[in-house]
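For what it's worth, the working numbering labels the leading residue of the sequence shown as 7, then goes sequentially.
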Amino acid sequence: MWLYEPTPFRPQTVAQGQSTLGEIFQSQFEAGKLTDNINSRSTALARAYDERISAIREATGETHVNPFTTRPGRYRPGRDRAEFEATEYARSAAGFNDWLKALEKRHPDSKDIIRAGEPVENDAKALARNMDEEAAKTFAAARGPMKWTALFGGRAGAMFNDPIQTGGLVFGGGAGAAKTVMGRILTTAATEALVNGAVQAATEPFVQRWRKEAGLESGWGEAARNVGFAALFGGVLGGAGRAGVEGLSALGRASEARAAARRALLDDPATPEPARRALSGESEAAAAVLEPMRKNLPAEARGALDAIETERVFAAQKPAAARANYHDTVSAKAIEAAQRQSPFMFEPDPAQVQRIADRLAPETAAPARAADRDMPIDEFLMRRGGVKDYKGELASLGLDRASRPFVGKLVKESGDTLDNARLAAAEAGYFDHLYGTADKAAEKSTISDLLNALDNASRATSAQPAEEAERRAVESLVHEIVGYAGPSVDDDLIVRAAELANAENLPALEALDRVLIADDARRFSDDDIAPFAFPDEDFAGGMDDPRLVDKADQVTASELGDLPEDMEIPFFDDDGPASIAAVTDELERIDRAARIVEACKL
Numbered sequence: 007m008w009l010y011e012p013t014p015f016r017p018q019t020v021a022q023g024q025s026t027l028g029e030i031f032q033s034q035f036e037a038g039k040l041t042d043n044i045n046s047r048s049t050a051l052a053r054a055y056d057e058r059i060s061a062i063r064e065a066t067g068e069t070h071v072n073p074f075t076t077r078p079g080r081y082r083p084g085r086d087r088a089e090f091e092a093t094e095y096a097r098s099a100a101g102f103n104d105w106l107k108a109l110e111k112r113h114p115d116s117k118d119i120i121r122a123g124e125p126v127e128n129d130a131k132a133l134a135r136n137m138d139e140e141a142a143k144t145f146a147a148a149r150g151p152m153k154w155t156a157l158f159g160g161r162a163g164a165m166f167n168d169p170i171q172t173g174g175l176v177f178g179g180g181a182g183a184a185k186t187v188m189g190r191i192l193t194t195a196a197t198e199a200l201v202n203g204a205v206q207a208a209t210e211p212f213v214q215r216w217r218k219e220a221g222l223e224s225g226w227g228e229a230a231r232n233v234g235f236a237a238l239f240g241g242v243l244g245g246a247g248r249a250g251v252e253g254l255s256a257l258g259r260a261s262e263a264r265a266a267a268r269r270a271l272l273d274d275p276a277t278p279e280p281a282r283r284a285l286s287g288e289s290e291a292a293a294a295v296l297e298p299m300r301k302n303l304p305a306e307a308r309g310a311l312d313a314i315e316t317e318r319v320f321a322a323q324k325p326a327a328a329r330a331n332y333h334d335t336v337s338a339k340a341i342e343a344a345q346r347q348s349p350f351m352f353e354p355d356p357a358q359v360q361r362i363a364d365r366l367a368p369e370t371a372a373p374a375r376a377a378d379r380d381m382p383i384d385e386f387l388m389r390r391g392g393v394k395d396y397k398g399e400l401a402s403l404g405l406d407r408a409s410r411p412f413v414g415k416l417v418k419e420s421g422d423t424l425d426n427a428r429l430a431a432a433e434a435g436y437f438d439h440l441y442g443t444a445d446k447a448a449e450k451s452t453i454s455d456l457l458n459a460l461d462n463a464s465r466a467t468s469a470q471p472a473e474e475a476e477r478r479a480v481e482s483l484v485h486e487i488v489g490y491a492g493p494s495v496d497d498d499l500i501v502r503a504a505e506l507a508n509a510e511n512l513p514a515l516e517a518l519d520r521v522l523i524a525d526d527a528r529r530f531s532d533d534d535i536a537p538f539a540f541p542d543e544d545f546a547g548g549m550d551d552p553r554l555v556d557k558a559d560q561v562t563a564s565e566l567g568d569l570p571e572d573m574e575i576p577f578f579d580d581d582g583p584a585s586i587a588a589v590t591d592e593l594e595r596i597d598r599a600a601r602i603v604e605a606c607k608l
């Protein structure tokens, strides 16, 4: 080699017996997205559909939308959202499977690519299994301590694709978010101590269910080789520590070693209960196991211990609201909506709704109360803002005085037209019994269908027992308020908002806003808020020498609402003028994001 010739870059690969740090990072990153995140199942399914569609397009020239990422139909209030989304996906997937069967008939030579008889869910499971196996092989083929840095770097990068973890970073997280992040660190460290360096932390139960469904080991990760760390903890485990070391003796058989170590520790009666729970993925148990050896832990694990303790103290002081696991699930969907900049309505925690309704109407809190039925069509339209009786059609049926306690009136001057109400009801499924599907009902239903349905609903309501009607009304109002409030607003504030809405006949959102503003005013003085207020100079435009603005000259919200939407407003700091509609859309987007931040806070 010439002196001035650079040394050629010949990285060792898995095939050569050693993998690079970049390969470890990338494989761990992909494995984390497909196996360890809250949305791993969704990620794997979406990718599996994309790959099947791409292969078919390349082979046949035909294509299809991804049924998993297709926006579902309109959600009908009063139904279980998870059940609704599952039904919508099943409908889209069935259409995709029918397309595969028809496509296979048109292109029999591409049968092996189309695979009409092979569910795409199996492809998703195979993706997760293959990526998990690839990550394990890549990690096992590397040498040196830096491979651990690449492993944790890849897994940390994958966490940025987890809406809950992203929400914790951007918006301050939700109840249990810190516990989730730090719990992974703690359970990793605890398992490493217990089974000689096992490095994959336990994840949430639904993540484990997906790993099990995909054919992956649904508990603990690849066994490590650091015998010294296990020996350090041998005094805590007694004989179980020795069993763990013996289980890892076959270093060339990682899967057998992992299973043997974990089985030995769980089956040995000498294993302390905290260690047993730590092996099962409980982060608090892992913290208890690691605390005695705190000074010997790496900085990340010591920081995780502090974070878990802080979260525990904070959770003990937090008022009752939605359950922690429900909070995290709803927060994840809220963060996704914020990232898509789309409207979002929180799906309330049924347990919280029932608990608050019991406080508002204790006489209806009988445990044998019948299960709720689907929301009546008149209540559905009331919740949408009511209907305008343009030619007296509703008055002729006596519906102009129809109302529900805690919900509102059916007929309103500001309500929707009968035709728009008909379309909304059809899309929500209220005419499926007449036309078969919501799509056909939206196309063929008439205003007469709507009037008949409203008339029948009013007669059914009049025959409803008073106690049951009161319970439905209370739960409906609480459901709506909690839907606006999100999972972190405590019960007392929801109760006050419901009482205010009922006493003053206010919309749910307005009543909630009043209660939250009053609560903030009670807890913070003007002096506390002053440092965060916008100075008047900020509203003077982008001039070099801005002057103080006379508040009398500022445009009020009502005046802004009277301006035409296509009117343009000049901004000195921007490239050009903006229309009223654009400004309004931006303000609405900011308001949605602010509401998510308020509702999902710890």
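By construction, the Cβ of each residue, glycine as well, lies at the ideal position given by its N, Cα and C atoms.
Q) From what residue to what residue does the alpha helix (DSSP H) around R47 run? A) S46 to T66
Q) Taking buried to mean at least 16 other C-beta atoms within 10 Å of its own C-beta, is D445 buried or exposed? A) Residue environment analysis places D445 among the exposed positions, since fewer than 16 neighbouring C-beta atoms fall within 10 angstroms of its C-beta.
Q: Report the option in W154, G421 and D364 whose CA atom is closest to the CA atom of R477.
A: D364
Q | Residues near L27 by beta carbon distance below 8 Å, same chain, minus five either side | A | Cβ neighbours of L27 beyond the five flanking positions: A148, M152, K153, T155 and A156.
Q. What is the residue span of the alpha helix (DSSP H) that N426 lies within?
A. L424 to E433
Q: Go ahead and pull the three-state DSSP assignment for G28.
A: helix
Q | Simplified DSSP state of K418, which is helix, strand or coil | A | coil
Q. Helix, strand or coil: which one does DSSP assign to S33?
A. helix
(Q) If distances are taken between C-alpha atoms only, which option among N103, A141, K394 and E516 comes closest to L40? (A) A141
Q) Based on the DSSP secondary-structure assignment, which residues constitute the bridge partners of L409? A) Before going further, note that residue 409 is Ser rather than Leu in the sequence given. Partner(s): K415.
Q) If L456 and R428 are in contact, beta carbons under 8 Å, what's the gap, nearest whole angstrom? A) 4 Å
Q | Spatially closest choice to Y95 from N458, V126, N508 and D498, by CA coordinates | A | When the alpha-carbon of Y95 is set against those of N458, V126, N508 and D498, the nearest one is in V126.
Q: Assign V393 to one of three DSSP states: helix, strand, or coil.
A: strand
Q: Whole angstroms is fine: what's the gap from I119's alpha carbon to A430's?
A: 41 Å
Q. In three-state terms, what does DSSP make of N511?
A. coil
Q | Endpoints, the alpha helix (DSSP H) within which N136 is located | A | V126 to A146
Q) Is it the case that the Cβ atoms of M388 and G414 are separated by a distance below 7 Å? A) yes
Q) How would you call N45, buried or exposed, if buried means at least 16 neighbouring beta carbons within 10 angstroms? A) Under this definition N45 is a buried residue.
Q: Determine the contact status of I487 and A509, defining contact as a CB-CB distance below 7 Å.
A: no
Q) Can you tell which of A527, K143, A130 and T66 has the C-alpha that lies nearest to the C-alpha of D115? A) Of the candidates A527, K143, A130 and T66, the residue whose Cα lies closest to the Cα of D115 is T66.
**Q.** C-beta contact flag for K107 and A122 at 7 Å
**A.** K107 places its beta carbon less than 7 Å from that of A122.
Q | Separation of S451 from A610, as counted between CA atoms | A | Past the edges of the chain, shown from 7 to 608, lies residue 610, and the structure says nothing about it.
Q | P493, DSSP secondary structure in three states | A | Assigned with DSSP and collapsed to three states, P493 falls in coil, not helix or strand.
Q) Leaving out five residues before and five after T423 in sequence, what residues of the same chain have Cβ atoms less than 8 Å from its Cβ? A) V393, K394 and Y396
Q.
What does the Cβ neighbour count give for G421, buried or exposed, with the cut at 16 atoms within 10 Å?
A. buried
Q: Please classify E64: is it buried, with 16 or more other beta-carbons within 10 angstroms of its beta-carbon, or exposed?
A: exposed
Q.
Helix, strand or coil for G404? Go by DSSP, reduced to three states.
A. Residue state, collapsed to three classes: coil.
**Q.** Beta-carbon spacing of R135, G38 below 7 Å
**A.** no
Q) Helix, strand or coil: which one does DSSP assign to F437? A) coil
Q | Helix, strand or coil at P356 according to DSSP, with G and I counted as helix | A | If DSSP states are grouped into helix, strand and coil, P356 belongs with the helices.
**Q.** Proximity below 7 Å, CB of G163 to CB of F35
**A.** yes
Q: Find out if the Cβ-Cβ distance for the pair G489, P354 is shorter than 7 Å.
A: In this structure, G489 lies near P354, with their beta-carbon atoms less than 7 Å apart.
Q.
Assuming F447 is part of the alpha helix (DSSP H), what are its boundary residues?
A. The displayed chain sequence assigns Ala, not Phe, to residue 447. Residues A444 to K450.
Q. Using DSSP with H/G/I as helix, E/B as strand and the rest coil, what is P114?
A. helix
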